[in-house]
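> Pasting a structure here, questions to come.
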Amino acid sequence: AEARLGKWVRKLRDKLFLAEKTLKRDRDGAWMELNASLKKLGVKSFDLYQMHAVKDLEDLDRALGMGGAIEAFREARDTGLIRFIGITTHDVRVALKAIEKFDFDTVMIPIGLFSLVSPRPRSDFRPVLKAAKDRDIGVIAIKAIAKRPWKGEKRYRTWYEPLDDQDAIDSAVWFTLSQEGVTTYSLACDIRLWPMILDAAERFRRLNAEEQRQILEKARLKGFEYIYTD
């Protein structure tokens with residue numbers, strides 16, 4: 186993907202907020218991958234570099250400990266290779282612990298109707314939003330249009346069943362963007378869904394508490410389910 190995007194990124198670099206990520210948890214691995222990504226894209230720096238898909242507290246401790254990836258992130262920020270440091274995880278408990286242990290600039294977590302149809306410690310994003318707001322941390326939402334795990338033929342490239350009609354996408358995107366503390370939303374990974382998502386975002390209207398409650402109740406009735414395995 187970096188090689189394919191490189192020529193476009195170079196042409197538009199001054200108009201982009203450029204984010205990248207790494208799965209490496211050690212200092213040397215993260216440093217090498219960061220520099221490899223810069224070279225492939227042909228840019229001098231990233232606006233945001235993210236510690237990606239941190240799966241549990243042990244994984245987090247490894248990344249933040251001595252010799253961990255965070256050492257590479259700090260050096261990269263100090264030397265101008267990156268501006269901001271972020272973390273991504275599918276487990277809100279990991280996100281909450283992460284922002285308690287390090288002064289991250291951004292956190293990326295799932296924030297959608299499916300998260301609250303049957304709230305559980307791993308999925309209830311509300312404590313993270315409050316903690317992030319208190320610490321002035323940007324929140325990037327993902328999985329806003331997720332409905333449930335696939336139950337039949339997979340019609341899209343997403344690993345979960347997404348919403349795919351405009352009215353439903355409007356409600357889901359507006360619900361996510363209406364959560365206090367959410368900064369932005371990262372699109373689903375199937376470009377066929379993008380026009381509807383962008384249309385919803387362009388027409389975004391912040392929902393009040395009663396509207397959010399009604400949309401969440403409709404989601405329960407329409408079979409929304411938690412998409413991750415506990």
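To convert, take the position in the sequence shown, counting from 1, and add 185; that gives our numbering. Glycine included, each C-beta is placed from N, C-alpha and C at the ideal position.
1. Kindly indicate the opening and closing residues of the alpha helix (DSSP H) around residue 381.
2. Using only alpha-carbon positions, find the residue among 217, 352, 227 that is nearest to residue 193.
3. Applying the 10 Å Cβ sphere with the 16-neighbour rule, what's the burial state of residue 241?
4. Using the beta-carbon count (16 or more within 10 Å), is residue 270 buried or exposed?
5. For residue 233, which beta-bridge partners are listed by DSSP?
6. Identify which residue in 340, 396, 345 has its Cα closest to the Cα of residue 363.
7. At 4 residues or longer, and completely inside the region 282-327: list those alpha helix (DSSP H) runs for me, N to C.
8. Tell me residue 369's beta-bridge partners as DSSP assigns them.
9. Tell me the residue span of the alpha helix (DSSP H) that contains residue 187.
10. For residue 224, name the three-state secondary structure that DSSP assigns.
With the given structure in hand:
1. 379-387
2. 227
3. exposed
4. buried
5. 204, 269
6. 396
7. 298-301, 311-319
8. 325
9. 187-197
10. helix
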